[in-house]
Amino acid sequence: MNLLKERYGINPAVAAMEARSAAETALLSVTRQDWKGAMDKLKKVRAMIYEDNEEAALWNAEVEEWRRMMDASKQRQKQEIESRLAAAQPWVKRLWEEDQGKKSWGYAVFRDPEAVNEEYGSRMNDALMHAREAIGCGDTIAARWRLQNFDWPSIAALDQDTDTQTDGESTETVDEEPKHEEPQVVSDDQDSFDKEATSQLEANFQVLRERFKVLRKRASGRQIATVTQTDRAALQSGILRNVFIVINQPCVDSLFSDSANVDDMWIWAVDPDYIQPATTDTPDAPSDQYRGYLRVRLQQLVNNFFDARRFLDNYYSMEALWQAAQPSKNQAFVSVREPEQKLWMMSRSIGSGIRPEGVVRATAKLLY
């Protein structure tokens, strides 16, 4: 193989590589027809100096070189996976056993464009990257992680759903009430939700539920072999079908806190199949009772929460996860295991309840 490389310039010196690169760049500036014509002329010139079947032998050598490179890459990948999985979270091992790195893993996401900006996306991705490293998934599995973004509904659609809410065959019109300036009571987690804000939040979630159901149904009807992360047509293979993520202003505020502590960052997780009870009044705050959604600590998107929705959904419903979140700071889900629910620590990189058992970590403290 090395002899062929030297004979045909497959492994040229730096100067020759630069000349070849310049020639290839020049070819990119011409039309497809001109490119084909130039290649045909080159083949004719080569044919005059090649022995019988020499060009075919050269092509076979290039194919063999590519095959060897791919085999070596797969071997390195296998070694990396075996090394990382030995100390990874148990559910990560199961993810690899079931998918073999052939599927994406992650969530569908709706982001409020008035709240989310580029800086938020960068900081959120950084926090999730640290978490993926901590759970031990390694580069190969981490590369399949996806947050598949979908368009936020128009303001008109959100306003329409707020003004007229439909449940089954009954339609209830919500009249606007005059706003009164009243002192706000700030809770321990520094949130102040009144009924009006909660009603708007739940109306938005209901619109998003309907959008998500359409995307889910479309995905189940046809599988797209290659789609981009921002594909708007349907859910990618491997994206969870039993929950979706919503990022609005309160989620953004939790990330941009003065402490920049990852254990204080959270997002909304919404149950797409939740049916709002017709006789239930809107609670004063989202945490007063289960209403089809809950807060999730940001880094748990790639650990306990994903495990619960992907592998344990037959054991833990969304309501059970909501109940498990109530003892945690900000009522943001951390774990279904009671000893971990009140864990909290100061860290700007890796929060509590992320690393596998037995892995050295910073000290996490109980809230109470």
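The working numbering applies: residue 1198 is where the sequence shown begins, and numbers increase by one. Built from N, CA and C at the ideal position, the CB exists for glycine as well.
Checklist entry - LEU1452: which of ILE1464, ILE1442, VAL1443 and PHE1441 sits nearest, CA to CA? => result ILE1464
Next on the checklist: Quick check for students: name the residue ranges of the alpha helix (DSSP H) that lie wholly in the stretch 1482 to 1509, counting only runs of 4 or more.
Outcome noted: 1501 to 1507
Checklist entry - Any Cβ of chain C within less than 9 Å of the Cβ of ALA1269? => result Reference to chain C is not applicable here, since this structure consists of a single protein chain.
Next on the checklist: Run through the DSSP bridge pairs and tell me what PHE1441 is partnered with.
Outcome noted: VAL1467
Item to check | VAL1411 versus GLU1295 - alpha carbon distance | outcome: 27 Å
Checklist entry - Can you tell which of ASN1445, ALA1219 and ILE1278 has its C-alpha closest to the C-alpha of ALA1312? => result ASN1445
Item to check | Cβ contact check for the stretch 1543 to 1555 and the stretch 1453 to 1461: 3 or more pairs under 8 Å | outcome: yes
Checklist entry - Where does LEU1225 land, buried or exposed, given buried means 16+ other C-beta within 10 angstroms? => result exposed
Checklist entry - By how many angstroms is the C-alpha of SER1396 removed from the C-alpha of GLU1302? => result Note that residue 1302 is Trp in the sequence shown, not Glu. Near 32 Å, if we compare the C-alpha coordinates of SER1396 and TRP1302.
Item to check | Integer-rounded CB distance, given that GLY1298 should sit under 8 Å from GLU1329 | outcome: Per the sequence presented here, residue 1329 reads as Arg, with Glu not at that position. That belief does not hold up - the Cβ atoms of ARG1329 and GLY1298 are roughly 14 Å apart, past 8 Å.
Checklist entry - Under a three-way DSSP split, which group does ALA1529 fall into? => result strand
Checklist entry - Does DSSP put LEU1540 in a helix, a strand or coil? => result strand
Item to check | TYR1317, enclosing beta strand (DSSP E) - first and last residue | outcome: Not the beta strand (DSSP E): TYR1317 falls in the alpha helix (DSSP H), residues 1315 to 1332.
Checklist entry - With DSSP run on the structure shown, which of helix, strand or coil describes GLN1345? => result strand
Checklist entry - How about VAL1443 and ASN1401: do their beta carbons lie closer than 9 Å? => result yes
Item to check | Cβ-based burial, VAL1289 [other Cβ within 10 Å; buried from 16] | outcome: buried
Next on the checklist: With the cut-off set at 9 Å, would you say PHE1409 and ALA1505 are in Cβ contact?
Outcome noted: no
Checklist entry - For the candidate residues PRO1524, SER1351, ILE1472 and ALA1394, whose alpha-carbon lies nearest to that of PHE1307? => result SER1351
Checklist entry - Which residues bound the alpha helix (DSSP H) around ALA1253? => result 1251 to 1282
Checklist entry - Going straight from the alpha carbon of TRP1256 to that of GLN1496, what length do you get? => result 49 Å
Checklist entry - Between which two residues does the alpha helix (DSSP H) containing VAL1306 stretch? => result Premise fails: VAL1306 lies in the beta strand (DSSP E), 1302 to 1308, not in any alpha helix (DSSP H).
Next on the checklist: Along the chain, where does the alpha helix (DSSP H) containing LYS1299 start, and where does it finish?
Outcome noted: No alpha helix (DSSP H) contains LYS1299, which DSSP labels as neither H nor E.
Checklist entry - Excluding sequence positions up to five away, which residues of its chain have a Cβ less than 8 Å from the Cβ of VAL1440? => result TYR1304, ALA1466, VAL1467, ASP1468, PRO1469, ARG1506 and MET1515
Next on the checklist: To the nearest angstrom, how far is the alpha carbon of VAL1404 from that of ASP1450?
Outcome noted: 23 Å
Checklist entry - What does ILE1436 pair with, by DSSP beta-bridge criteria? => result GLY1303
Next on the checklist: Measuring alpha carbon to alpha carbon, tell me which residue in GLN1538, VAL1227, PRO1447 and ARG1415 is nearest ALA1394.
Outcome noted: PRO1447
Next on the checklist: Just to confirm my understanding: we take GLY1335, look at its own chain, exclude 5 residues before and 5 after, and list those with CB closer than 8 Å. What are they?
Outcome noted: GLU1277, ILE1278, SER1280, ARG1281, LEU1282 and ALA1285
Checklist entry - Counting along the chain, where does the alpha helix (DSSP H) carrying ASP1231 start and finish? => result 1229 to 1246
Next on the checklist: Less than 9 Å between the beta carbons of ASN1527 and ARG1492, yes or no?
Outcome noted: yes
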